[in-house]
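A.B. asks: One structure follows; several queries about it will come next.
Number of protein chains: 2
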Amino acid sequence: MVQARQTKQQAAIDRVIAHSARPLSPGEILAKARRQIPTLSLATVYRTLRRLEESGSAARVEIPGQPPRFESRLAAGTHHHHFVCQVCDRVYDIPGCARGIEALAPAGFTVESHEIVLFGRCGACVGGG
Amino acid sequence: MVQARQTKQQAAIDRVIAHSARPLSPGEILAKARRQIPTLSLATVYRTLRRLEESGSAARVEIPGQPPRFESRLAAGTHHHHFVCQVCDRVYDIPGCARGIEALAPAGFTVESHEIVLFGRCGACVGGG
DNA sequence: GTTAATGCAAAAGCTTTGCACGCGG
DNA sequence: CCGCGTGCAAAGCTTTTGCATTAAC
Numbered sequence: 593m594v595q596a597r598q599t600k601q602q603a604a605i606d607r608v609i610a611h612s613a614r615p616l617s618p619g620e621i622l623a624k625a626r627r628q629i630p631t632l633s634l635a636t637v638y639r640t641l642r643r644l645e646e647s648g649s650a651a652r653v654e655i656p657g658q659p660p661r662f663e664s665r666l667a668a669g670t671h672h673h674h675f676v677c678q679v680c681d682r683v684y685d686i687p688g689c690a691r692g693i694e695a696l697a698p699a700g701f702t703v704e705s706h707e708i709v710l711f712g713r714c715g716a717c718v719g720g721g
Numbered sequence: 593m594v595q596a597r598q599t600k601q602q603a604a605i606d607r608v609i610a611h612s613a614r615p616l617s618p619g620e621i622l623a624k625a626r627r628q629i630p631t632l633s634l635a636t637v638y639r640t641l642r643r644l645e646e647s648g649s650a651a652r653v654e655i656p657g658q659p660p661r662f663e664s665r666l667a668a669g670t671h672h673h674h675f676v677c678q679v680c681d682r683v684y685d686i687p688g689c690a691r692g693i694e695a696l697a698p699a700g701f702t703v704e705s706h707e708i709v710l711f712g713r714c715g716a717c718v719g720g721g
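As you go down the protein sequences, you meet chains E and V in turn. Each residue of the first sequence is one higher than the one before, counting from 593 in this note's numbering. Each residue of the second sequence is one higher than the one before, counting from 593 in this note's numbering.
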């Protein structure tokens, strides 16, 4: 059912996400993609992100208290979590995962997935007091 | 510094949160509090929630992908996390916490706080297939 | 009597959607 | 050519804010 057309807008958005080392918000994606396609609209960014998300090319990253961000599935790889620097506001990918975290669920509950977000100071901001 | 006036709106909102076993959204809080104060406005709910949050009486619970909810500090007690049932959409408090979770942070990073959300099926929904 | 808090409504973000046109296949 | 994808603008939602009034102290 891939009636998807390979438009340059979509390609540009895909490229922006793939090239980013960290999850980007729709606005950031728009700004970066407009360097390639100045007429790109925010609506198209949202529509394309939804499509990328559904097709599995991009993953939505929800940081509590912040607007949604998106990252490339390719760049992100597999299961991982996120670290939010409260100083520079950057969001980092964390490769590992806490084993046995599902044991936290009450008896009789079934855990299907989980989300872990660490807040603190990144390496660049720890030194800065 | 406490120039706060003890209004019945604030008291009602506080009561609603304190009596709830799970985090409530601003809209839910408004609906419940209006049973006591029919003229209560949503704006007041937001303003009061902000005050309660600042004073430490209430805590904001951010579930990724969902609007913010609020719970009572008193009811919630201390450090805990949340379980989101993907069937009935309820949010449960989880008493425990994964020890050593801060070790996930990259070297040189400082962790100040963290957020854990489990997704799955609650006890009531596991049986329902 | 002061003045913080409220209620209404308008405003401000962010995200979605309707519609006509253009481009991809 | 056919119709999906785009761009624009308007609509929807949630949250915030301005202002006059109300009520707490």
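We put the beta carbon where it would ideally sit given N, CA and C, even for glycine. In this text the structure is predicted, and so the values were computed from the model without any measurement.
Touch check for the stretch 651 to 660 of chain E and the stretch 622 to 636 of chain E: three-plus C-beta pairs under 8 angstroms?
C.D. replies: They do not touch, by the three-pair rule.
A.B. asks: Spell out whether any CB of chain V is found under 7 angstroms from the CB atom of G688/E.
C.D. replies: Yes, G688/E lies at the interface with chain V (some Cβ there is under 7 angstroms from its Cβ).
A.B. asks: With DSSP as the reference, identify every bridge partner of S705/V, one or two as the case may be.
C.D. replies: For S705/V, which the question treats as bridged, DSSP gives the partners F711/E.
A.B. asks: Which partner residues does V683/E have in the DSSP bridge list?
C.D. replies: V676/E.
A.B. asks: Verify whether the separation of the beta carbon atoms of G657/E and T702/V is less than 7 angstroms.
C.D. replies: It is not a contact, given that the beta carbons lie outside the stated cut-off.
A.B. asks: What are the start and end residues of the alpha helix (DSSP H) that includes S647/V?
C.D. replies: Note, S647/V: alpha helix (DSSP H), L634 to S647.
A.B. asks: Select from the stretch 644 to 660 of chain V all residues with a C-beta closer than 9 angstroms to any C-beta belonging to chain E, and list them in chain order.
C.D. replies: Here the close residues are R652, V653, E654, I655, P656, G657, Q658 and P660.
A.B. asks: For A650/E, which of helix, strand or coil comes out of DSSP?
C.D. replies: Reduced to three states, the DSSP call for A650/E is strand.
A.B. asks: For L641/E, which residues in chain V fall below 7 angstroms Cβ to Cβ?
C.D. replies: By Cβ distance, chain V contributes nothing, its closest Cβ being about 14 angstroms from L641/E, past 7 angstroms.
A.B. asks: Mind checking who R661/E pairs with in its DSSP beta bridge?
C.D. replies: According to DSSP, R661/E bridges with V653/E.
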